[in-house]
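As given, the protein sequences belong to chains R and Y, one line each in that order. Here the first sequence is numbered in our numbering, starting from 1072 and rising by one per residue. Here the second sequence is numbered in our numbering, starting from 166 and rising by one per residue. To start, the structure under review is shown below, and the notes come after it.
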Amino acid sequence: MINPTVDLVIQFGLMFAIGAVLALALMAVSHRLAPTSRNPNKGQPYECGVLPQEDSRLPFNVHFYLVAVLFVLFDLEAVFMYPWALALRSIGLLGLVEMLIFIFILLVGYFYAWKKGVLEWE
Amino acid sequence: MTDFIFLLIKGVLWVAVGVGMVPFLIYFERKWAGFFQSRVGPTYAGPWGSLQSFGDMAKLLSKEDVVPERADKAVFKLAPYILFVPGFLVMALIPFGPLNVDIFGHKVDLVIANFDAGAIMFMALGSIAVYGIVFAGWASNNHWSLLGGLRCGANMVSYEIAMGLALVGIFLMADSVNFSQIVDGQAGNFWNWYFIPQIVAFVIFFISSIAELNRDPFNVAEAEQELVAGHMTEYSGMRWGLFMFGEYVNMVVMSAVIATLFFGGWRAPFTALDFIPGFIWLIGKVLFFIFLYMWIRWTLPRYRYNQLMDIGWKIFLPLAIANLAVTAVIVSVVQR
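What follows is the structure, encoded as structure tokens:
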């Protein structure tokens, strides 16, 4: 077509457009068909029939935050391994040994996090 | 211009088949659920209840769309779309036939986007769906939703690492992250498919994909008995329908990705069967994995949240790293 990069933008753009148009069309049809009636009780959040006392966006367990941080670390490692996996046949034994050392260091950090109790959920 | 017309035809056909399947998948899921639980499932709408999903859709379309008073309205409305759309982009990456096929004198690639970094794009798009769920949980301003959204976010994020590391084994064997080249690497009879040498990666990837898709036994986000409906508690009408629809679309897409990475994509199990078009094999494999998802969903009880995180972090992560190291050593030794 034009050039590989523009082609990819067109191709992904087309699929994005199909998905977005489908979703928006469903919502548009729903807005045409669905009734609307205002009632202050409808706007209340579901709380098993009890009126909510406070805002729901309370501080939450710090564990979720720790998991997020660990995820960022390990996902970066994974992304780091993708180019290595593709280059392994050309970089040979040296690249393999280096990556095994890297994985070893990664595992040390992983077991540290484990022993610190980051992975324990109560 | 003809290229663009072919692209349009490919895109519309692929979406028509992949998404057109969804109402029937929902019907079959309900029928299977009935079968597993000694019930009959839907029977009233159409012959054997086969139009049940369309009836449900008409119902959802005519339901009021309630947005809670204290919700963050913009984010609340955006969240279903964020879950829904990335699946379509992943669809663009799945090859359903060889490249450079001669159709009416035109060279056509039977894949929508022959992207060199396809598998990385797949991982990236998989992460975007997490935003949809976390946004939905946060924007609803409801205790159940927030807790469901957070749990689900942490769960998807944990399994994504195991998934990403399991994929490295495939990349090492195929020497590529392009889906078409990964399928080419599995040419020949079914014993050349990657699920045999990479059986560990396959098991990790498959179980993690159940967690990614938020299905039982890993659907802690909408654990009905604990959290009402998790991040979807405050959603109603078609906005809720988009979440449900998006989950099924993602299931079709994830099955197609598994078929492509581990089961030879559009290739026939025996080269003698190559006369049947690749598209049919791909759809057959997709249906097989969808059946597997449904079977698992209605057979196993839900895991407790800490067990779920333990499986992801303490079993799958080390296992995926071990698999990756062993594969790397073997690949290095074999080529020498």
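We put the beta carbon where it would ideally sit given N, CA and C, even for glycine. Nothing here was measured: the structure is a model prediction, and the numbers come from that model.
At a cut-off of 8 Å between beta carbons, Y/N488 makes no contact with chain R.
Chain-ordered listing is empty here: chain Y has no CB closer than 7 Å to the CB of R/T1076, the nearest sitting near 10 Å.
R/R1160 belongs to the set of residues whose beta carbon lies under 8 Å from a beta carbon in chain Y. Counting only residues of its own chain and dropping the five nearest sequence neighbours on each side, Y/A331 has a CB closer than 6 Å to the CB of A366, I369, F370, A485. Here the alpha carbons of Y/R404 and Y/K228 stand approximately 10 Å from one another.
In the three-state scheme derived from DSSP, where H, G and I count as helix and E and B as strand, R/V1143 is classed as helix.
Residue environment for Y/W460: exposed (fewer than 16 other C-beta atoms within 10 angstroms of its C-beta). By the beta-carbon neighbour count (other beta carbons within 10 angstroms, threshold 16), Y/Y413 is buried. Taking 8 Å as the cut-off, the Cβ atoms of Y/V205 and Y/F253 do not count as close.
The C-beta separation of Y/I259 from Y/F344 comes to about 6 Å, placing the pair in contact by the 8 Å criterion. Between Y/F336 and Y/A304, the C-beta spacing is not below 8 Å. Bridge partners of Y/K272 according to DSSP: Y/D267.
Within chain R, the residues L1085, M1086, I1089 have their CB atoms less than 7 Å from the CB of Y/G176, given in chain order. Look at R/I1073 here: in three-state DSSP terms it is coil, with no helix or strand label.
For R/Y1117, the chain Y residues whose C-beta falls within less than 8 Å of its own C-beta are N307, W309, V393, T398, E399, listed in chain order.
Contact of Y/K228 with chain R by beta-carbon distance below 8 Å involves S1101, A1105. Cβ proximity to chain R below 7 Å picks out I326, G329, L330, V333, F336, L337, D340 from the region 326-340 of chain Y.
Among the residues of chain R, those whose CB is under 8 Å from the CB of Y/I285 are V1150, Y1153, following chain order.
Pairing Y/Q346 with Y/A339, the inter-Cα distance amounts to about 7 Å.
Secondary structure in the region 361-446 of chain Y: the alpha helix (DSSP H) runs of 4 residues or longer, each lying completely within the stretch, are 364-377, 389-392, 402-427 in chain order.
In the displayed model, R/I1089 falls within a helix according to three-state DSSP. Closest in C-alpha terms to Y/A278, from the list Y/A257, Y/R195, Y/A289, comes Y/A257. Under the Cβ criterion of 8 Å, Y/W478 is counted among the residues facing chain R. Y/P245 counts as buried, since no fewer than 16 other beta carbons sit within 10 angstroms of its beta carbon. Within the region 352-381 of chain Y, no residue has a Cβ lying closer than 8 Å to any Cβ of chain R. Taking 8 Å as the upper bound for CB-CB distance, Y/I298 and Y/L226 are not in contact here, some 23 Å apart. By the neighbour-count criterion, in which a residue is buried when 16 or more other Cβ atoms sit within 10 angstroms of its Cβ, Y/L392 is buried.
Y/A424 is not a Cβ neighbour of Y/L438, given a cutoff of 8 Å.
Around Y/I277, the beta-carbon contacts reaching into chain R at under 7 Å are Q1082, M1086. What Y/Y470 touches in chain R, judged by beta-carbon distance under 9 Å, is W1192, going in chain order.
Shown here for R/L1147: not one same chain residue has a beta carbon closer than 7 Å to its own, the five before and five after excluded.
Restricting attention to Y/N265, Y/N415, Y/M186, the CA atom closest to the CA of Y/V295 is found in Y/N415.
Relative to the Cα of R/L1141, the nearest Cα in the group Y/P442, Y/E325, Y/G334 belongs to Y/E325. Rounded to the nearest whole angstrom, the CA to CA distance from R/I1089 to Y/V266 is 24 Å.
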